[in-house]
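Chemist:
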Amino acid sequence: MGQPEKGGTVTRLLPLAADSVLVEGTFSAIDGNDVTPPVIYNVTLQELTPILTSLLRKRADTVTGRVLTTFVDGDLIYLGGDFEFNGTYGAAVYSISEQTVLSMPFRGFGENASVNAIAKYPLEGDDALIIYGGSFNSLGLPELLMHNISIPMQNSTNSTNTSLIQAEQVISLKHATFSSVNGILLNDDTALICPTQSTSWALENNSGGELRVLLPLEMRGLKPTKVRLYVPANSLDGIRDFRIYSYPNNGIMNLTYVDPNTNEFAFCDAFCPLQLGSTLKDSVDQNIEEADLYSDDDSVYLDENGSFSLYLDSETKTRNVGYGRNYQEFAFVNDIMIDAIGLTTVSWYGSRGEFAGLELYLDAITVYGNETLNEPNCGSESAQNSNSAVINSGDWQPVLSLTDAVTNNDYLVSVVDDSSSITLYPNISYAGNYSILFYTPGCSTDNSCAQRSIINVTLTDVNDDLLSSNLIYQNNLENKFDYLFYGHLNGSSTNNGRNKVQIEFVEQIDTSASDPWVVVDKIVANIVELDDTVISNSTNSTTNSTSHMITTMSLNGLFEYSLANFSLFSENLVYENANNHEVIKDTNTFVGNSTINVLSGNLSETLSISNIVYSSDSRLIFLNGNLTSLNVSLLNSNLISLAVDGYNSTANDTEISSITKRFAKRDDQTIFGANFNDSVSTIENINDGVVVLGRFSMTESSGLQNLTNENSTTTTANNFALYSNDQWFSFGNAYVDSDFSEFTSLVLNDTEFYVFSSTDGTYLTWDNTKKEWSKSKDKLDINSAVTLGNSQQVIGGLSFGVMDYYGVNQGFFRNNDGFSSLDLELINGSVLTSYFLNSTFSVIGGTFGAENTTEHVTFLVNNTGVPLQEAAQWSEDTAVTSLYINTDQEFLFIGTNGSVQVRDANVTGLLVYNLKNESFSSVQPPDLSTTDGSALEVNALALYDQSSQLFVGGNFDLAGSLGCESVCLYDIENTRWISPYSGAQSMLVGGSVTDAKFVASDSILVSGNLTFNGTGSNFLVYDFSNNIFSAVGDGMNDTGVTEPISKFLLNDNANSALEARMAAIGSGFVIGYNGSGWSRIDEGIQYSDQTELSDLALVQLSQQNSNNGDATYFDSNKALLLSGKFNLTDYGSVSAALFDGTNWIPYVFSLKDSTLGQINSLLLEELYKSQSSSDLKTKTHKLSVGQVVGVSLACALGSTALLGLLYVIPVFFLLKGSKKKERVDQRIHEDEMMDIVNPEELIHEMDAQRNY
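Using UniProt numbering, you'd call the opening residue of the sequence shown number 1 and step up by one each time.
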């Protein structure tokens, strides 16, 4: 597959056909071509088909935004997201056969909509339902939500005496708490709630002030719709300007009112005007005289006394605001929950502020179980004209009288002896559509969870017909509501003909608990829409007729789209325009009034659904997201589960029996009888049930079955649990403190695996065939997989995030978060060698040229290429082959294979650059050369600190005129070459040196194609104290291979006994040394004429690697990193790979001119430094923060990363990311670096499997 842009990932794979998949993700380009995911990938043809990108060429079909989710249904791919397409938002559909994107018949959703989830029920069939979830509140064709319904009605109204529709009801303030600032002592605060002609409340003379009303505990959080202020009839004193504060947010309310001077809407906030009684009298008298002006205005109500009201919505008429002879009303513009309200007087008429009464109104009909909260402000109101609660049986008490634990509520509690029953009567005054909710306080506050009960809640109408019956479990931890009813109700007229909700005790949940509780908080009847007959006020005769009313459905983040209903869809059947008015047709039945759509209307406008899962095994639909409903805020990451009774083929909708559970992210959750002590992040559907993931431990009252132990009984499940066939199963794992949120399954070699992954990069693999957790070699780092036929799968995941592809000519490095390009663009040549000093300063060398005039050598300062400050002229065939900076960071030593012109002199073999003076040293070493015509090589540089001697090894036999074969010492202080040999041992060493590492403070181990006393040798030891070479033992010298070693690596702190573990490479081999002998460790590498092994490094893992349990060649928390150009048996061509002690894992894949590129040098801090004698004084075990792994490539390097989708690779490995670290300023000196930076992990935990 092509390569997507770096930073993009594959998030989901869906099968389309036997050889193609749908790829979702966050990438934005593939092979340099802009694409918008998702795309279709054909495995056989290896072709990509963009779904959306091609549409950018069509002016009318421009796609902007993102596709966030898809659902594949045969030839169609349903698309959801936050995109705009063809004038529609959030939803579209793609035809695979026609390769065309089409708008949905309902025109998507409203502007700024976001669709996050799409599901289907039933899963099979053309007449199924597509369920959309996300964040939206309407359809692109909103008329689909409006239904013209014919209803048989018995109408009784008075055409000559119409009345004001007062759907808003007065809030009872009888038990509110009143307080004031600057009120006079004679004020009777409580008299204000039932104003009379003699009522008056006044402030001190010439003083502003405030009256504050604090609601009773259980009523706090109401959202009042308006306030009515009464004024004294004949007083010259009064409030001129006021403002209303809402508490606890202490904000000034925005108000709208009818200006008596104009009879039009006006708005105010901090300075709202209130008129004197005399002025209001003049206004209403004028209204009487001008009544004919308003007779045809449906938005106006004018009564016979001149009181004037305007409906805020002339169509629904559920809210109004106005004024009369002794009052003015002010509607609240914003829906704000209040605990208290304050009326503040800013200015006044006469000598003081004064008013006569105050009423608050609410358009949600609320009945409290605690009857004292239902008591009307004025005692003369009849029962049928107010909300009421009647106890039928049992002993009921306010909760505050039973426990001190509750401080913010006072609901009603019955401690059940034999039976308990109570009936709530909502004051439903007008016929219309209503939704009724039943609220239950959480048991965590009053500590009554063990005592809570199951109750039966029934709703009957004015004719005593049963409308709904619900069994409700009351052991919810936090506050909740249950949906009782949505539909038509007639208004009440007498006590015996009232709508009522009856609550009865059924049984206690915990049969061992004594004194079971029944709790009743309140019911809320929300007005959805009033009947047309109520709104229009027809004749005063009683007739039987058919009424047509328009009902409007609400959508809040959830929508059920019936394929059958839309099979003959035409917009002409939805509505028509008549006389410039939109008329909804009775043929508009495309969007059903299903349970799911009704539930959507009762959810909050601000919710967001992130996932929808239908479990055919449990017959449940799960809604996952940030869910709130009707002013009751739930916590984040909630789930709603809907019990599916079936598909109604007549109504073409889903039949949902009840909302069975609601889960909030809290200390305890209960799902199907199981108790979770922390959050459930995700529920995923599998063939035989659902899998639950999260950061939790779970118990179940009837016991769990342990999958790892032949389904034996166990007590807990951690992080993961399976629910299947009405039984909970544990995976038998220990608790992991990670938030697991992603799940995928796949089959490898007839073995089914479940892969669980967390937000912090933790991956765990379950072998579902063997019912056991996979061994470390079986761990898979993937997040999506699909099966294509019997022999092929497409798999995506972070395993491929490190298998990166590069194709731009420059260097790059790997930090803790990923590969990044260096700020250095190479224009020719290659990088051959490097030297790491610290996290902000390194050197690279080779044959390259760069855009910043750098040639052959450059410093890397904070990942930016900085050229040498003094230029040199490099011969055409000269390359830099080795680099070293001495311990005092004073000199850079540069090994070359040819001559370099420095100033006016040619220097060959070794150059010295003064780092402090930023120039080449004035005295350069005499040339190194060969006398036999062989190529000059300088392969090894190391420093003997005690005498400031630089060990130089390679292929040469002269240093100036001094005979120095293979090895020569450069005296730094005296700027001269000296022979490494004592007089007695002169010239006993021959051949070529390839590498050198200190093994003791005065001894260095040398590798190469060497001879010693005429005998071939792979290793020798040089003793600086005695200036002699010596042979090594047979165990070390016998490498088991015929070719010489080109590089070797110490995998332990060095010791003179040569017992440190080691690794080495050469032409056609990789070998490891266990402290006593060598063995090949390159099983899995395929060698050919093109194979090049160039560098080797030991890297640190964040955790122990179980594949290296015996730690034969290096510790189990480390791994080998090999670079070059080679093939891995199970993977193909790579440029770098990791060895975990057992397996080789691909790490980097690079290209140069469409062929495999080669990595020549690995630039990183060594774990066991050994390039100078002083390195051995400090034992190193971990690397410092900063430039964690730097890779210098001989080929072109760049910033394009592999997509994460390689169907040809069946094996994966784990690479955990780490948190970002801020880069520090440039530091040259190592002690300075160590003082500032703490040790940190280099490469994170890595495990692999390979036998599939």
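Cβ coordinates follow ideal geometry from the N, Cα and C atoms, glycine included.
Over the uninterrupted beta strand (DSSP E) stretch that includes L943, give me the two end residues.
Modeler: Element bounds for L943: E937 to Y944.
Chemist: Mapping DSSP to helix, strand and coil, what is M146?
Modeler: M146: strand per DSSP, three-state reduction.
Chemist: Quick one: give me the first and last residue of the beta strand (DSSP E) that M698 is part of.
Modeler: Note, M698: beta strand (DSSP E), G689 to E700.
Chemist: DSSP three-state call for D532: helix, strand or coil?
Modeler: D532 falls in the helix class under three-state DSSP.
Chemist: First and last residue of the alpha helix (DSSP H) that includes Q286?
Modeler: That run of the alpha helix (DSSP H) goes G277 to E289.
Chemist: Per DSSP, what kind of secondary structure is Y41 in: helix, strand or coil?
Modeler: The answer is strand: DSSP assigns Y41 an E or B state.
Chemist: Return the CA-CA distance between T316 and Y257, expressed in angstroms with no decimal places.
Modeler: Distance between the alpha carbons of T316 and Y257: 18 Å.
Chemist: Can you tell which of T716, C968 and R695 has its C-alpha closest to the C-alpha of F756?
Modeler: Of the candidates T716, C968 and R695, the one whose C-alpha sits nearest the C-alpha of F756 is R695.
Chemist: Are S468 and L489 closer than 9 Å when you measure CB to CB?
Modeler: No, the pair does not count as a contact, with Cβ atoms beyond the cut-off.
Chemist: Taking DSSP's pairing of strands, which residues face D73 in a bridge?
Modeler: According to DSSP, D73 bridges with L76.
Chemist: Give the secondary structure of M219 by DSSP, where H, G and I count as helix, E and B as strand, and everything else as coil.
Modeler: M219: helix per DSSP, three-state reduction.
Chemist: For the stretch 1079 to 1092 against the stretch 1045 to 1055, do three or more pairs of beta-carbon atoms, one drawn from each stretch, fall closer than 8 Å, so that the two count as touching?
Modeler: No, they do not touch.
Chemist: Run the CB neighbour count on N334, radius 10 Å, all protein chains shown included, and call it buried at 16 or more, exposed below.
Modeler: With fewer than 16 Cβ atoms within 10 Å of its Cβ, N334 is classed as exposed.
Chemist: Report the start-end ranges of each beta strand (DSSP E) in the stretch 1067 to 1146 that is 3 residues or longer and not cut off at the edges.
Modeler: As far as the stretch 1067 to 1146 is concerned, its whole beta strand (DSSP E) runs of at least 3 residues are 1069 to 1073, 1078 to 1080, 1092 to 1100, 1118 to 1128 and 1132 to 1139.
Chemist: May I ask you to report which of helix, strand or coil DSSP gives D446?
Modeler: Of the three classes helix, strand and coil, the one that applies to D446 here is helix, per DSSP.
Chemist: Between which two residues does the alpha helix (DSSP H) containing N719 stretch?
Modeler: First-last for N719: A717 to S724, but that is the beta strand (DSSP E), not the alpha helix (DSSP H).
Chemist: Which residue's Cα is closest to the Cα of I1004: P273, I1028 and G990?
Modeler: Here the closest residue by C-alpha is I1028.
Chemist: Which first and last residues belong to the beta strand (DSSP E) in which L360 is found?
Modeler: L360 -> beta strand (DSSP E) spans G357 to L362.
Chemist: Rank D737, E47, T708 and A674 by C-alpha distance to the C-alpha of D767 and give the top, closest one.
Modeler: Comparing Cα positions, the closest option is T708.
Chemist: Counting only the same chain and skipping the five closest in sequence on each side, list residues whose C-beta sits under 7 Å from that of S401.
Modeler: Closer than 7 Å at Cβ, skipping near neighbours: no residue.
Chemist: Quick check on N495: does DSSP put it in helix, strand or coil?
Modeler: A caution first: N495 carries a pLDDT of 46, below 50, which makes its placement in the model unreliable, though a value can still be read off. Three-state DSSP puts N495 in a helix.
Chemist: Return yes when the Cβ of P260 is within less than 9 Å of the Cβ of L229, no when it is not.
Modeler: Their beta carbons are not under 9 Å apart, which means L229 does not touch P260 by this criterion.
Chemist: Around the Cβ of F841, are there at least 16 other Cβ atoms within 10 angstroms (buried) or fewer (exposed)?
Modeler: Buried, because 16 or more other Cβ atoms sit within 10 Å of the Cβ of F841.
Chemist: Near P1044, which residues of its chain fall below 7 Å by C-beta distance, leaving aside the five closest residues on each side in sequence?
Modeler: Around P1044: T994, G1008, N1009, N1018 and G1066.
Chemist: Buried or exposed, going by whether 16 or more other CB atoms sit within 10 Å of the CB of F743?
Modeler: Label assigned to F743: buried.
Chemist: Going by beta carbon distance, what residues of the same chain come within less than 8 Å of residue 1254, once the five residues before and after it are set aside?
Modeler: Beyond the ends of the chain as shown, which are 1 and 1252, falls residue 1254; an answer cannot be given.
Chemist: Using beta-carbon positions only, say whether K226 and R319 come within less than 9 Å of one another.
Modeler: Going by C-beta atoms, K226 is nearer than 9 Å to R319.
Chemist: Among S172, L563, V501 and D1175, which residue has its Cα nearest to the Cα of G592?
Modeler: Per the Cα distances, L563.
Chemist: Between which two residues does the beta strand (DSSP E) carrying V598 extend?
Modeler: Note, V598: premise wrong, no beta strand (DSSP E); alpha helix (DSSP H) at T595 to N602.
Chemist: Kindly say whether F951, judged by its beta-carbon, lies nearer than 9 Å to any beta-carbon of chain B.
Modeler: No chain B is present in this structure, which holds just one protein chain.
Chemist: On the three-state DSSP scale, how would you describe I193?
Modeler: I193 falls in the helix class under three-state DSSP.
Chemist: Quick one: what does DSSP say M104 is sitting in, helix, strand or coil?
Modeler: In the structure shown, M104 sits in coil (DSSP, three-state: anything other than H, G, I, E or B).
Chemist: Cα separation between G357 and M253?
Modeler: The alpha-carbon atoms of G357 and M253 are separated by roughly 19 Å.
Chemist: Counting pairs of beta carbons, one from the stretch 909 to 922 and one from the stretch 888 to 896, are three or more of them closer than 8 Å?
Modeler: Because the criterion of three Cβ pairs below 8 Å is met, the stretch 909 to 922 and the stretch 888 to 896 touch.
Chemist: Grab me the residues of I978's own chain with a C-beta within less than 6 Å of its C-beta, minus the 5 sequence neighbours each way, in chain order.
Modeler: Closer than 6 Å at the Cβ level, and outside the excluded window around I978, lie L969 and D971.
Chemist: Span of the alpha helix (DSSP H) holding D410?
Modeler: Looking at the DSSP string, D410 is not in any alpha helix (DSSP H), and its letter there is neither H nor E.
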